[in-house]
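K.L.:
In my numbering, the protein residues as written are 1 to 168.
Yeah, the Cβ is synthetic: ideal placement off N, Cα and C, and Gly gets one too.
Below: one structure in structure tokens.
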């Protein structure tokens, strides 16, 4: 089964997405959707050299995503307020360094997505030779707050989700 259907949940999601986008369950759409749902995971398997990610604590993942959504909404209002009503000379845009304990590539990818979808922040890079994140903040007032927020609200749950336990 794993040989022809390496990622059954992904295949099911692809088929469902195909049917929803076409707004039809006609036999032709079912056939084409099923072919895509089987072919796409097979063709993309070489792109995942570490195998499928296996989040271990789904409840923690849902709490993290809920918190991130609230932060994205809050940041969108704050960035909008700054752009519309603040003198541009008063904006303190800077890069900061955040030391990361997270090593799981899937966890780092999710952290990158969460940071980059939050208005006012951009993941610049993992600084070569270190495990420090270079983060650009649109209007920085408290660097310690940013480091603490990324480490406790984002990194700690991601370590728990992908490494199966509390961070060391």
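Taking the runs of the alpha helix (DSSP H) that are 4 residues or longer, which of them lie wholly in the region 11–45?
P.N.:
Those alpha helix (DSSP H) runs which fall completely within the region 11–45 and span 4+ residues are 27–44.
K.L.:
What distance in whole Å lies between the Cβ atoms of residue 110 and residue 124, which are believed to be in contact at a cut-off of 8 Å?
P.N.:
On the chain shown, residue 124 is found 124 positions in, with the first residue counted as 1. On the chain shown, residue 110 is found 110 positions in, with the first residue counted as 1. About 17 Å; that fails the 8 Å criterion.
K.L.:
Can you grab the Cα-Cα spacing for the pair residue 153 / residue 140, in whole Å?
P.N.:
Here the question's residue 153 lines up with position 153 in the chain shown. Here the question's residue 140 lines up with position 140 in the chain shown. Their Cα atoms are separated by approximately 18 Å.
K.L.:
Can you look up residue 76 in the DSSP assignment and give me helix, strand or coil?
P.N.:
As a working note, residue 76 is residue 76 in the chain shown. If DSSP states are grouped into helix, strand and coil, residue 76 belongs with the helices.
K.L.:
Output needed for residue 82: all residues of its chain with C-beta closer than 6 Å, excluding positions within five of it in sequence on either side, in chain order.
P.N.:
Counted from its first residue, the chain shown places residue 82 at position 82. The residues are 139.
K.L.:
Suppose only complete runs of 3+ residues qualify. What are the beta strand (DSSP E) ranges in the region 90–116, listed by chain order?
P.N.:
The region 90–116 contains these whole beta strand (DSSP E) runs: 94–99.
K.L.:
Tell me whether the region 146–163 and the region 84–103 touch, counting them as touching only if at least three CB pairs, one residue from each stretch, are closer than 8 Å.
P.N.:
Taking 8 Å as the limit for Cβ pairs, the verdict is that the region 84–103 does touch the region 146–163.
K.L.:
Skipping 5 residues on each side, what residues in its chain have a beta carbon closer than 8 Å to that of residue 127?
P.N.:
Mapped onto the chain shown, residue 127 falls at position 127. Result list for residue 127: 97, 133 and 134, in chain order.
K.L.:
Could you check the C-alpha separation between residue 167 and residue 30 for me, to the nearest Å?
P.N.:
Numbered from 1 along the chain shown, position 167 holds the residue referred to as residue 167. Numbered from 1 along the chain shown, position 30 holds the residue referred to as residue 30. Residue confidence for residue 167 is low, a pLDDT of 49 falling below 50, so the modelled location carries little weight and cannot support an answer.
K.L.:
Is it the case that the region 30–47 contacts the region 8–16, given that we only count it when at least three CB pairs across the two stretches are under 8 Å?
P.N.:
These segments touch.
K.L.:
Please determine, among 95, 155, 68 and 72, the residue with the shortest C-alpha to C-alpha distance to residue 106.
P.N.:
Along the chain shown, read from residue 1 onward, the residue named residue 106 stands at position 106. The residue with the shortest Cα to Cα distance from residue 106 is 155.
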